[in-house]
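Presented below is the structure to which this report refers.
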Amino acid sequence: MKDCYLGVDIGSISTKGVIIDDNNKIIASSYIWTEGNPVEAVRKLLDILKEELPKGYQIKGIGTTGSARKLIGLMLKACIVKNEITAHAIGTLTFYPNVRTILEIGGQDSKIILIKNGIITNYAMNTLCAAGTGSFLSSQAKRLGIDVEEFGDYALKSTNPVKIAARCTVFAESDLVHKAQVGYPKEDIIAGLCKSVVLNYLNNVGKGKKIVGPIIFQGGVSKNKGVVKYFKEILKEDIIVDENSHLMGAIGIAVLARRNKTGNVYSLEMKNLKFITKAFECHRCPNTCELLKIYRNDELVDSWGSKCGKY
Amino acid sequence: MTKIAFPHMGDYHIPANFLLSHIFPNTEVIKVPKITSKTIEIGTKYSPEFVCTPFKYTLGTMIECLDKEADTLIQMGGGCRYGYYAELQEKILKDLGYNCTVINLVTEGTTNFKRINKLLKQIDPKFSKIKALYYGFITIKMVKYMDIIDDYIRENIGFEINPGSFESLKEEMLISFSHVKNYHELYKTYKRYLNKFYKIKVHKPDNRLKIGIIGELYTIMEPFSNYFLEKQLAKHHIEIKRFTNVHYLLFEKARKYKKYQKYSKEYFTYSLGADASDNIARCKYLCEKNYDGIIHIKSSFCTPEIGAMPIINKIASTYQKPVLFFSFDSATSETGIQTRLEAFYDMLEMRKEK
Chain A
1 MKDCYLGVDI GSISTKGVII DDNNKIIASS YIWTEGNPVE AVRKLLDILK EELPKGYQIK
61 GIGTTGSARK LIGLMLKACI VKNEITAHAI GTLTFYPNVR TILEIGGQDS KIILIKNGII
121 TNYAMNTLCA AGTGSFLSSQ AKRLGIDVEE FGDYALKSTN PVKIAARCTV FAESDLVHKA
181 QVGYPKEDII AGLCKSVVLN YLNNVGKGKK IVGPIIFQGG VSKNKGVVKY FKEILKEDII
241 VDENSHLMGA IGIAVLARRN KTGNVYSLEM KNLKFITKAF ECHRCPNTCE LLKIYRNDEL
301 VDSWGSKCGK Y
Chain B
312 MTKIAFPHMG DYHIPANFLL SHIFPNTEVI KVPKITSKTI EIGTKYSPEF VCTPFKYTLG
372 TMIECLDKEA DTLIQMGGGC RYGYYAELQE KILKDLGYNC TVINLVTEGT TNFKRINKLL
432 KQIDPKFSKI KALYYGFITI KMVKYMDIID DYIRENIGFE INPGSFESLK EEMLISFSHV
492 KNYHELYKTY KRYLNKFYKI KVHKPDNRLK IGIIGELYTI MEPFSNYFLE KQLAKHHIEI
552 KRFTNVHYLL FEKARKYKKY QKYSKEYFTY SLGADASDNI ARCKYLCEKN YDGIIHIKSS
612 FCTPEIGAMP IINKIASTYQ KPVLFFSFDS ATSETGIQTR LEAFYDMLEM RKEK
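Here is the structure:
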């Protein structure tokens, strides 16, 4: 039996799973929509991975990352639970040890990671605002009646991207509607949108950061050719987009799982697992903490949200 | 009988309570309710939307105190928007229909003792200046002792062998402090507890991480408003250095400004208001003392600190030190803070290993 390691990245929009072997080779991977239910998404994901996984492998470690990392970490009894910034950096460094800058745009967040000599020297994450993230692009795609996947191709067709007020998603949206109603062609609006995402990212997350090559662009939005094009144009540097760029977080956490393996063997079978969460509000004090109790096979494994530590 | 109250900041309600209850024998000092989610909810509801967050916290506490039948409130002022808090809050409270007096101890950036004496006489005719001076002295000492002990705790709490020993001893100490009667007793209590703190077993490795926290004063000093940042850092076994405390603000700030300006003259020439210039100098100090990282915290819309941020960024890139910026608002997501802190911690660990 050969050893392999599972990394699961549960993001706001998509859930990614990767199984790697000891040589960092991806032997199974999957990318599905989270659709607001991380537990179900992970069940589905594991089913797909189980089908894909060739015979003769056993899972020796599981790691979780992404915004639902804690919850899924408990569900899968993961040996490591890490934030997505570290996971992305580790994943990228495994394949590109010389990388200096990682640009990452995901569903609800965007981040920049600066690396020097293989260690993270600085990072930033968008703070208050969702402007320039994947969810904004996908909601605008819906408004314009096209698939997010086709967005990039549309943008490349344009030679004259329209200017879109990009400071804030709400203003960008009304500006976009205005431009559409005035009669600008769809390609130009889409191209303008892609450009505004780039500008927003550089003005918000990338502010004050020195962006040096080699630059790697990842996260779901990196699949959008239009955004890549404008990053190249504005930064005047080559942008590397790995074919697995959307899976980098999952790969990173799988690598970390290998480093932190406990010796246990894990199963991908989740059909019989009962995993429920119960939410309630505590009224002992005016804090009214929203508490969440997590049950795994009817056994209370954790509860979150308490400010005083009573639960 | 007058019922007096004041907004919270950290543990400083203990010396404040001590002072007020001694200098106003005929006045009841209201036990100010702890800051909770409810406080900030009330505060946000009645505050202007884009005011800095401390305004919302203090207004929330004031309303909670007024609901507990307080009728006289005490507010201070500072060198930024803080200077307008008292007037604006009084107006908001009056508009809400509360019948109260807000005593502003600092107007136009300075404390006018004649004016305050008059105001305090109005609260309590039995108010005597000599008594006030005596108890004021004890209170200042109490603040100083608390700050010394807090500094020690911050350096060591991440390394305690029995979790919770620092916190429980500190609570015990604060209760004893609130019962002291004279300076001699205060000093003895302080010495006793200081020895007890020194005796708490800690395990400090040589390669421990050290972080300096700088930023806007209220957010730094009121743990509820920074989502218990120091506590979370301590959980990761990090030594914390913090400069701002009440003793610093009252007695050292004015004295140290010139020194700070000289020390970091390549970064600023004129004062940036409030604590911003101090923070720039501290940032340089932390970089030079080879701290592993710097966390800069402020409440959203804090103008002086916004002015200081690009300079801090510049200093950090000169010295190649990582800085993490946090802006806390009434609607900050706790998960977001956790993720950034975790990543910051991972990064520092990685840098240390290399």
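Keeping their order, the protein sequence lines are chains A and B. When the letters of the first sequence are read in order and numbered with the working numbering, they come out as residues 1 to 311. When the letters of the second sequence are read in order and numbered with the working numbering, they come out as residues 312 to 665. Where a beta carbon is used, it is the ideal one built from N, C-alpha and C, also for glycine. Fair warning: this is a prediction, and the values are worked out from it, not measured in the lab.
Proximity below 8 Å, CB of residue i to CB of residue j
i: residue 217/A; j: residue 196/A; result: no
i: residue 650/B; j: residue 83/A; result: yes
i: residue 619/B; j: residue 590/B; result: yes
i: residue 219/A; j: residue 104/A; result: yes
i: residue 657/B; j: residue 86/A; result: yes
i: residue 478/B; j: residue 319/B; result: no
i: residue 189/A; j: residue 199/A; result: no
i: residue 30/A; j: residue 45/A; result: yes
i: residue 648/B; j: residue 634/B; result: no
i: residue 584/B; j: residue 390/B; result: yes
i: residue 228/A; j: residue 215/A; result: no
i: residue 332/B; j: residue 340/B; result: yes
i: residue 665/B; j: residue 119/A; result: yes
i: residue 508/B; j: residue 468/B; result: no
i: residue 599/B; j: residue 609/B; result: no
i: residue 275/A; j: residue 75/A; result: yes
i: residue 91/A; j: residue 248/A; result: yes
i: residue 26/A; j: residue 32/A; result: no
Residue i: contacting residues in chain A (beta-carbon distance under 8 Å)
i: residue 372/B; result: Residues of chain A passing the Cβ test: none, with the nearest at roughly 12 Å.
i: residue 624/B; result: 208
i: residue 646/B; result: 67
i: residue 631/B; result: 121
Residue i - partner residues in DSSP beta bridges
i: residue 58/A; result: 3/A
i: residue 369/B; result: DSSP, once it has assigned bridges, lists no residue as partnering residue 369/B.
i: residue 352/A; result: Chain A is shown only over 1 to 311; residue 352/A falls outside these bounds and no answer can be derived.
i: residue 64/A; result: 8/A and 81/A
i: residue 386/B; result: 415/B
i: residue 296/A; result: 275/A and 299/A
i: residue 550/B; result: 521/B
i: residue 17/A; result: 8/A and 30/A
i: residue 218/A; result: 104/A
i: residue 623/B; result: Note: residue 623/B sits in no beta bridge, so no partner.
i: residue 607/B; result: 525/B and 636/B
i: residue 291/A; result: 280/A
i: residue 339/B; result: 314/B
i: residue 533/B; result: Per DSSP, none; premise fails for residue 533/B.
Of the listed residues the options, nearest to residue i (C-alpha basis)
i: residue 641/B; options: 343/B, 496/B and 358/B; result: 358/B
i: residue 551/B; options: 485/B, 425/B, 382/B and 523/B; result: 523/B
i: residue 354/B; options: 380/B, 396/B, 340/B and 391/B; result: 396/B
i: residue 520/B; options: 546/B, 610/B, 644/B and 537/B; result: 546/B
i: residue 456/B; options: 634/B, 368/B, 564/B and 503/B; result: 503/B
i: residue 221/A; options: 6/A, 65/A and 106/A; result: 106/A
i: residue 212/A; options: 121/A, 147/A, 171/A and 300/A; result: 121/A
i: residue 329/B; options: 486/B, 516/B and 508/B; result: 486/B
i: residue 495/B; options: 323/B, 436/B, 450/B and 527/B; result: 450/B
i: residue 548/B; options: 514/B, 480/B and 529/B; result: 514/B
i: residue 286/A; options: 235/A, 96/A, 306/A and 70/A; result: 306/A
i: residue 160/A; options: 192/A, 138/A, 149/A and 151/A; result: 192/A
Where residue i meets chain B, residues with beta-carbon distance less than 7 Å
i: residue 123/A; result: 654 and 658
i: residue 120/A; result: 658 and 661
Chain B contact residues for residue i, given Cβ-Cβ distances below 8 Å
i: residue 10/A; result: Those do not exist, as residue 10/A stays about 13 Å from chain B at its closest Cβ, beyond 8 Å.
i: residue 287/A; result: 347, 348 and 349
Exercise. Using Cβ-Cβ distances below 7 Å, what residues of the segment 648 to 665 of chain B are close to chain A?
Worked result: 650, 651, 653, 654, 657, 658, 661, 662 and 665
Exercise. Any residues in the segment 77 to 108 of chain A with a beta carbon nearer than 8 Å to a beta carbon of chain B? Which ones, in chain order?
Worked result: 82, 83, 84, 85 and 86
Exercise. At a Cβ cut of 9 Å, what residues of the segment 253 to 285 of chain A count as close to chain B, listed as they run along the chain?
Worked result: 285
For this session: Could you please tell me which residues of the segment 330 to 350 of chain B, in chain order, have their CB closer than 7 Å to any CB of chain A?
Result: 347, 348 and 349
Exercise. Quick one, which residues of the segment 42 to 75 of chain A are near chain B if we go by CB-CB under 8 Å, in chain order?
Worked result: 67
Exercise. Residues in the segment 595 to 624 of chain B with C-beta within 7 Å of chain A's C-beta atoms, listed in sequence order?
Worked result: 621 and 624
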